[in-house]
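These notes concern the structure reproduced below.
Residue numbers (my numbering), protein chains in the order written: chain P, 15 to 388; chain B, 2 to 120.
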């Protein structure tokens, strides 16, 4: 169908010339009718006046495709090729574009998100596995180090044990000699008394080192019996008399029952506590050894008036080989702790509010005979 | 009343002599032996109120001597510088009065000997 009164000189369909001015109106009409697209022909003066419209066509003039004059009236003709209905359709219904674009954007975003997540998941997995591998390697290293250490310790322990055992006899003889000298020479001479005390104390210190080493390398089960608290304290103070400038006070009530303990192991524990108290007071001070009885247990406390225990030292006090002393191998309190635990007892350390430290050994009390209890 | 007789058995000369001296100073009648065989010979030849004996000695050891002593055996106080749990168990099974770990403070030795004799 052709617009009445219009005689286009050239009609263009896409790049193809559809009609020329020489084309007869019937031919032009046929050309338009053959096109199953759309033709829009509007009056340029009054574009609202739609003369002919089917969607999709554009009529142009040659390559420029500009609107052209048609006779006395000005006509705007638009021609689109077959199948190119989207643009005009979309032009008329933009929400389709919006929805399509939105769906595409959502799809792309979801795809990107999925890919990113997959990447993150893969990276996290690699990170986790790498971490596990690193930890395993660190564990292996630590285990190997521990094994080497254990082997070294075992070898050192064997040697220390053999040397320690061999030293026990001469140390025992030396202790006996000091006892015999003291009993023969008396203690009236202060000079002699000082030399004897020094000798006894050094023998006691050597004995303690050997005993700690042996107990550490080859711990043994306690063989418990009733141990009189006053007797064991006197034994310990006899083996380790206080150095010059240190006083020892014994506060051992008569009604405290014996402790259930292995006597030589308990002596070793007390020797460690008493010698530690001495070491804590290089400028002198007071050591108090006191006993208390309650709830079927006897608590024996050794206190000093030294500088107390530093906060960072307190948690590590019973670790083997941990020491704050310039001399010493750091086994005393560790061995004492293990011995007391072997007795199902407890060993506790505490600071006494800036006036020194105290260590308390608590062990089961021997059963009190009925006659004594009354 | 005569002083209680004590037999001190130790292969180490220093230990044997000082232990014997500590006991003698307390008034005990002390005899010494320097090995297990010697100890058994003296135990067969005379009566003792208590025996103070080292466990580890060349030849016959203290626990072996303890098993050989005829009835009624005197209380036997064993001394050791080495004993582990097994040796202590063996000493208890053989009927020792007690086992003292060297070095033994003199006061403790005297206390144990007095108790063993009283028992």
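In this text, a Cβ means the ideal position worked out from N, Cα and C, and glycines have one as well.
Exposure of residue i, with buried meaning 16 or more beta-carbon neighbours within 10 Å
i              : result
residue 135(B) : Since the first residue shown for chain B is 2 and the last is 120, residue 135(B) is missing from the structure and cannot be characterised.
residue 113(B) : buried
residue 243(P) : buried
residue 258(P) : exposed
residue 230(P) : buried
residue 92(B)  : buried
residue 314(P) : buried
residue 62(B)  : buried
residue 119(P) : exposed
residue 128(P) : exposed
residue 367(P) : exposed
residue 370(P) : buried
residue 120(B) : exposed
residue 163(P) : exposed
residue 70(P)  : Residue confidence is low: residue 70(P) scores 41 on pLDDT, short of 50, so the model does not pin down where it sits. No coordinate-derived value is stated.
CB-CB length for residue i against residue j, believed under 8 Å
i              : j              : result
residue 50(B)  : residue 75(B)  : 6 Å
residue 325(P) : residue 295(P) : Contact doesn't hold; Cβ gap of about 20 Å is too wide.
residue 378(P) : residue 311(P) : 6 Å
residue 20(B)  : residue 110(B) : 7 Å
residue 179(P) : residue 228(P) : 7 Å
residue 6(B)   : residue 30(B)  : 5 Å
residue 316(P) : residue 327(P) : Going by Cβ atoms, the distance from residue 316(P) to residue 327(P) rounds to 17 Å, so no, they are not a contact pair.
residue 292(P) : residue 107(B) : Actually they do not touch by this definition, with Cβ atoms about 22 Å apart.
residue 255(P) : residue 305(P) : With a Cβ gap of about 20 Å, residue 255(P) and residue 305(P) do not count as contacting.
residue 4(B)   : residue 37(B)  : With a Cβ gap of about 25 Å, residue 4(B) and residue 37(B) do not count as contacting.
residue 69(B)  : residue 41(B)  : 6 Å
residue 288(P) : residue 301(P) : 7 Å
residue 299(P) : residue 320(P) : 6 Å
residue 78(B)  : residue 117(B) : 6 Å
Span separating the alpha-carbon of residue i from that of residue j
i              : j              : result
residue 82(B)  : residue 339(P) : 28 Å
residue 121(P) : residue 111(P) : 15 Å
residue 66(B)  : residue 322(P) : 52 Å
residue 85(P)  : residue 115(P) : No answer about residue 85(P) holds up, because its pLDDT of 40 lies below 50 and its placement is not dependable.
residue 80(B)  : residue 149(P) : 52 Å
residue 188(P) : residue 217(P) : 7 Å
residue 285(P) : residue 139(P) : 58 Å
residue 85(B)  : residue 354(P) : 18 Å
residue 190(P) : residue 151(P) : 56 Å
residue 329(P) : residue 336(P) : 11 Å
residue 45(B)  : residue 176(P) : 35 Å
residue 181(P) : residue 224(P) : 8 Å
residue 132(P) : residue 113(P) : 28 Å
residue 145(P) : residue 160(P) : 22 Å
residue 210(P) : residue 196(P) : 7 Å
residue 56(B)  : residue 147(P) : 55 Å
residue 212(P) : residue 253(P) : 11 Å
residue 185(P) : residue 226(P) : 14 Å
residue 351(P) : residue 374(P) : 11 Å
residue 167(P) : residue 334(P) : 12 Å
residue 169(P) : residue 104(B) : 25 Å
residue 16(B)  : residue 199(P) : 21 Å
residue 43(B)  : residue 58(B)  : 16 Å
residue 234(P) : residue 245(P) : 23 Å
residue 309(P) : residue 272(P) : 14 Å
residue 219(P) : residue 8(B)   : 30 Å
residue 390(P) : residue 247(P) : There is no way to answer for residue 390(P), as the model of chain P reaches only from 15 to 388.
residue 99(B)  : residue 35(B)  : 20 Å
residue 130(P) : residue 117(P) : 19 Å
residue 108(P) : residue 123(P) : 22 Å
residue 67(P)  : residue 136(P) : Confidence at residue 67(P) is low in this model, with a pLDDT of 40, below 50, so its placement is unreliable and the value that follows should be read with caution. Cα to Cα, the separation comes out at about 58 Å.
residue 64(B)  : residue 221(P) : 25 Å
residue 122(B) : residue 22(B)  : Residue coverage of chain B in this structure runs from 2 to 120, which leaves residue 122(B) outside it and unanswerable.
residue 356(P) : residue 207(P) : 38 Å
residue 297(P) : residue 290(P) : 14 Å
Beta-bridge pairing of residue i - partner residues as DSSP gives them
i              : result
residue 80(B)  : 55(B), 101(B)
residue 260(P) : 299(P)
residue 376(P) : 313(P), 360(P)
residue 241(P) : 273(P)
residue 9(B)   : 33(B), 53(B)
residue 304(P) : 265(P), 315(P)
residue 365(P) : 371(P)
Under 9 Å by beta carbon: chain A residues contacting residue i
i              : result
residue 194(P) : The question asks about chain A, but that chain is absent: this structure's protein chains are P and B.
Give a yes or no on contact between the region 136-156 of chain P and the region 198-218 of chain P, applying the rule of three or more CB pairs nearer than 8 Å. Judged by Cβ distances under 8 Å, the region 136-156 of chain P makes no contact with the region 198-218 of chain P, as fewer than three pairs qualify.
Please confirm if the region 229-246 of chain P is in contact with the region 276-288 of chain P, defined as three or more CB-CB distances below 8 Å between the two stretches. Flag = yes, the region 229-246 of chain P and the region 276-288 of chain P touch.
Flag this pair as touching only if the region 343-358 of chain P and the region 256-264 of chain P have three or more C-beta atom pairs under 8 Å; answer yes or no. Output reads no: the region 256-264 of chain P does not touch the region 343-358 of chain P.
I'd like to know if the region 5-13 of chain B and the region 359-374 of chain P are in contact, where contact means that at least 3 CB-CB pairs between them fall below 8 Å. Taking 8 Å as the limit for Cβ pairs, the verdict is that the region 359-374 of chain P does not touch the region 5-13 of chain B.
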